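Quick notes on the structure that follows.
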Amino acid sequence: MTINKQILLGVSGGIAAYKSAELVRLFKKQGAEVQVVMTKSAMQFVSPLTFQALSGNPVHSELLDADVENAMGHISLARWADCLIIAPATANIIAKLSHGIADDLLSTLYLAATCPVYVAPAMNQAMWNKAVTRENIETLLRHGVKLIGPEQGDQACGETGFGRLSEPVVICKHLTDALEYQNHSPVQCLQGLKVLISAGPTREPLDPVRYLTNRSSGKMGYALANAALKAGAEVTLVSGPVSLTAPNNVQLIKVETARQMYDAVMSKASEHAIYIGAAAVADYSPVVMQPEKIKKQDAQATIILQKTKDILADVAGLDKRPFTVGFAAETHNLEDYAREKLIRKKLDMIAANWVGQEQGGFDSEQNALHVFWKSGDKTFSMMDKTQLAEQLISLIAERLKVS
Ligand code: PMT
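With the first letter of the sequence shown counted as 1, position 349 gets the number 348 in numbering that gives the first Met the number 0; the numbers rise by one all the way through.
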């Protein structure tokens with residue numbers, strides 16, 4: 000795959016700045032034209048000469064350089080770029096971007112940029128976990144910035160945790176996929192098709208005041224509903240109890256229990272071209288719902304559960320079945336379990352995600368997916384769910400065409 004694009008790479012001052020040199024090489028290898036902007040502190044870690052040699056272009060660092068301003072000031076650099084990627088992005092540059100502070104070339108360029116902006120954070124794990132950094136990241140995501148990483152692992156400071164810059168090959172693949180998607184997305188890939196999506200958790204009542212549920216927020220399913228609408232589809236969203244607002248133009252069916260979700264989905268499935276099961280449906284529900292509040296008595300209590308009906312498998316088993324896409328939420332053996340579900344439930348595709356980890360999965364703004372179908376697979380690295388949903392919808396449209 001090639002990236003015939005003009006990439007503006009911002010390098011801020013962290014130890015991971017050395018990895019950005021490899022990033023320039025990978026971008027160039029893919030056919031991209033690259034210009035590099037460095038902050039003053041980035042230049043303490045890597046010489047601008049390295050980036051100049053690798054990119055074949057002079058490196059930019061001064062906001063108010065009279066010579067540079069004549070040739071390629073911050074406005075023209077911002078206009079030149081098809082995308083701006085900041086890698087590594089330190090906690091400091093993230094804080095500046097999220098607050099609109101423009102006190103050097105890179106932060107000013109961000110304000111002037113109208114192209115998509117990607118940020119690949121790199122910092123000590125405690126700095127990444129600090130509440131103010133989390134808030135700054137949430138702000139950037141809300142402002143439409145796309146996040147790549149960071150990854151978990153050993154850090155230069157000797158600690159272990161989230162905060163490692165994603166590897167250059169991962170960043171390059173992420174960008175290649177995103178730019179490829181940009182090339183195709185305007186073509187409303189699901190124009191005129193009806194898409195049924197399930198989202199959120201289910202609640203299985205034990206008595207009038209208690210229920211069994213899970214950590215699903217509905218974010219993944221709602222992002223898919225938005226992405227399918229954007230792709231031109233007519234969308235029906237069957238949603239468990241969540242605190243999200245559904246897009247105006249979807250047909251929203253609110254449900255609580257797995258049984259209600261089953262009935263709602265099954266009554267609609269045959270009218271739709273695609274079914275995406277993003278909901279975290281309870282696998283078991285209490286055999287009886289006690290009509291009165293269960294009283295505290297013995298030291299231990301037993302609840303007898305029974306298996307719920309498998310919505311996904313039953314949709315895929317319909318005579319007039321939609322193109323059926325399942326999700327697999329796994330804490331281990333992701334690929335084996337996902338492939339097993341793909342075959343056992345006779346699905347067209349399955350999107351597998353890790354859950355129970357610090358990043359991605361349930362109730363996170365971000366997620367990563369490994370998608371499988373009979374004859375192939377595709378990985379999507381950690382990114383915000385909005386962007387991930389758009390890329391998954393694009394892949395579903397592609398696979399539907401050849402199915
Ligand atoms: O909602 P978020 O907070 O954004 O989190 C997103 C998510 C982690 C919930 C989502 O990405 C996801 O993985 N959804 C599926 C969760 C799940 O229940 O996975 P599973 O491996 O247990 O089930 C496999 C598939 O069977 C799923 O498509 C599920 O919808 C479906 N299923 C399960 C049980 C059942 N009775 N009927 C079903 O249709």
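Virtual Cβ for every residue (Gly too), placed ideally from N, Cα, C. Treat the numbers as computed from the prediction; the structure is a model and nothing was measured.
Roughly how many whole angstroms lie between the Cα atoms of residue 177 and residue 388?
Residue mapping note: residue 177 aligns to position 178 of the sequence shown, counting from 1. Residue mapping note: residue 388 aligns to position 389 of the sequence shown, counting from 1. When only Cα atoms are considered, residue 177 and residue 388 end up about 12 Å apart.
How is residue 47 classed by DSSP in three states: helix, strand or coil?
Within the sequence shown, residue 47 is the residue found at index 48, counting from 1. DSSP places residue 47 in the helix class (H, G or I) of the three-state scheme.
Give the C-beta separation of residue 198 and residue 217 to the nearest angstrom, bearing in mind that I take them to be a contact with Cβ-Cβ under 8 Å.
Counting from 1 along the sequence shown, the entry for residue 198 is found at position 199. Counting from 1 along the sequence shown, the entry for residue 217 is found at position 218. About 5 Å separates the CB atoms of residue 198 and residue 217; that is less than 8 Å, so the two are in contact.
Just how far apart, CA to CA, sit residue 272 and residue 193?
Position 273 of the sequence shown, counted from the start, is the residue given in the question as residue 272. Position 194 of the sequence shown, counted from the start, is the residue given in the question as residue 193. A direct Cα-to-Cα measurement between residue 272 and residue 193 gives close to 5 Å.
DSSP state of residue 42 mapped onto helix, strand, coil
By one-based count along the sequence shown, residue 42 stands at place 43. Collapsing the DSSP output to three states places residue 42 in a helix.
Does the separation of the CB atoms of residue 19 and residue 169 fall below 8 Å?
Against the sequence shown, residue 19 aligns to sequence position 20. Against the sequence shown, residue 169 aligns to sequence position 170. In this structure, residue 169 does not lie closer than 8 Å to residue 19 by Cβ.
Proximity winner among 8, 366, 360, relative to residue 167 (alpha-carbon distances):
Indexing the sequence shown from 1 puts residue 167 at position 168. Per the Cα distances, 8.
Under the rule that 16 or more other beta-carbon atoms within 10 Å means buried, what is residue 319, buried or exposed?
As a working mapping, residue 319 is identified with position 320 in the sequence shown. By the 10 Å Cβ count, residue 319 comes out exposed.
Pair within 8 Å by beta-carbon distance, residue 226 and residue 236:
In the sequence shown, residue 226 corresponds to position 227, counting from 1. In the sequence shown, residue 236 corresponds to position 237, counting from 1. No. Outside cutoff.
Tell me the DSSP secondary structure of residue 163 in three-state form.
Position 164 of the sequence shown holds residue 163. In the three-state DSSP reduction, residue 163 falls in the strand class (E or B).
Which complete beta strand (DSSP E) runs does the region 111-157 hold, if anything under 3 residues is left out?
Taking 3 residues as the shortest admissible run, the region 111-157 contains the following complete beta strand (DSSP E) segments, listed from N- to C-terminal end: 116-120, 150-153.
Spatial neighbours of residue 221 in its chain, beta-carbon cut-off 6 Å, leaving aside the 5 residues before and after
To locate residue 221, count along the sequence shown from 1; it is residue 222. In the same chain as residue 221, and ignoring 5 residues on each side of it, the C-beta atoms closer than 6 Å to its own belong to 198, 243, in chain order.
beta-carbon residue 279 near ligand 1 non-hydrogen atom, thresh 7 Å
Residue numbering aside, residue 279 sits at position 280 when the sequence shown is read from its first letter. Within the cutoff, so yes.
Tell me, to the nearest whole angstrom, how far the beta carbon of residue 337 is from that of residue 361; I am working on the premise that it is less than 8 Å.
Numbered from 1 along the sequence shown, position 338 holds the residue referred to as residue 337. Numbered from 1 along the sequence shown, position 362 holds the residue referred to as residue 361. Approximately 17 Å separates the beta-carbon atoms of residue 337 and residue 361; this is outside 8 Å, ruling out the contact.
Please go through the same chain and pick out, in chain order, the residues whose beta-carbon is closer than 6 Å to the beta-carbon of residue 115, but skip the five residues on each side of it.
Numbered from its first residue, the sequence shown carries residue 115 at position 116. The residues 82, in chain order, have a CB closer than 6 Å to that of residue 115 in the same chain once the five nearest residues on each side in sequence are set aside.
Between residue 5 and residue 80, how many whole angstroms is the CB-CB distance? I'm expecting something under 8 Å.
For the purposes of this step, residue 5 is taken as the residue at position 6 of the sequence shown. For the purposes of this step, residue 80 is taken as the residue at position 81 of the sequence shown. The Cβ separation is near 6 Å, so the contact holds.
For residue 394 and residue 132, I'd like the C-alpha separation in whole angstroms.
One-based indexing of the sequence shown puts residue 394 at position 395. One-based indexing of the sequence shown puts residue 132 at position 133. Between residue 394 and residue 132, the C-alpha separation is close to 33 Å.
I need the straight-line Cα distance from residue 343 to residue 311, nearest angstrom please.
In the sequence shown, residue 343 corresponds to position 344, counting from 1. In the sequence shown, residue 311 corresponds to position 312, counting from 1. Whole-angstrom Cα-Cα distance: 11 Å.
Go ahead and pull the three-state DSSP assignment for residue 11.
Reading the sequence shown from its first residue, position 12 is the one you call residue 11. It is coil, neither helix nor strand.
Rounding to the nearest angstrom, what Cα-Cα distance links residue 448 and residue 140 in this structure?
Only positions 0 to 402 of the chain appear in the structure, and residue 448 is not among them; the question remains open.
What residue range is occupied by the uninterrupted beta strand (DSSP E) comprising residue 352?
Here residue 352 is taken as the residue at index 353 of the sequence shown, counted from 1. 348-353 is the extent of the beta strand (DSSP E) around residue 352.
Among 224, 204, 264, which one has its Cα closest to the Cα of residue 285?
Locating residue 285 in the sequence shown gives position 286, where the first residue counts as 1. Of the listed residues, the one whose Cα sits closest to residue 285 is 204.
Status (buried if at least 16 other CB within 10 Å, exposed otherwise) for residue 156:
Reading the sequence shown from its first residue, position 157 is the one you call residue 156. Per the 10 Å Cβ criterion, exposed.
Alpha-carbon to alpha-carbon, residue 353 and residue 297
Stepping through the sequence shown from its first residue, residue 297 is reached at position 298. Stepping through the sequence shown from its first residue, residue 353 is reached at position 354. Rounded to the nearest angstrom, the two C-alpha atoms are 37 Å apart.
Nearest to residue 280 (by Cα), restricted to the options 256, 127, 291
Here residue 280 refers to the residue found at position 281 when the sequence shown is read from its first residue. That would be 256, whose Cα lies nearest to the Cα of residue 280.
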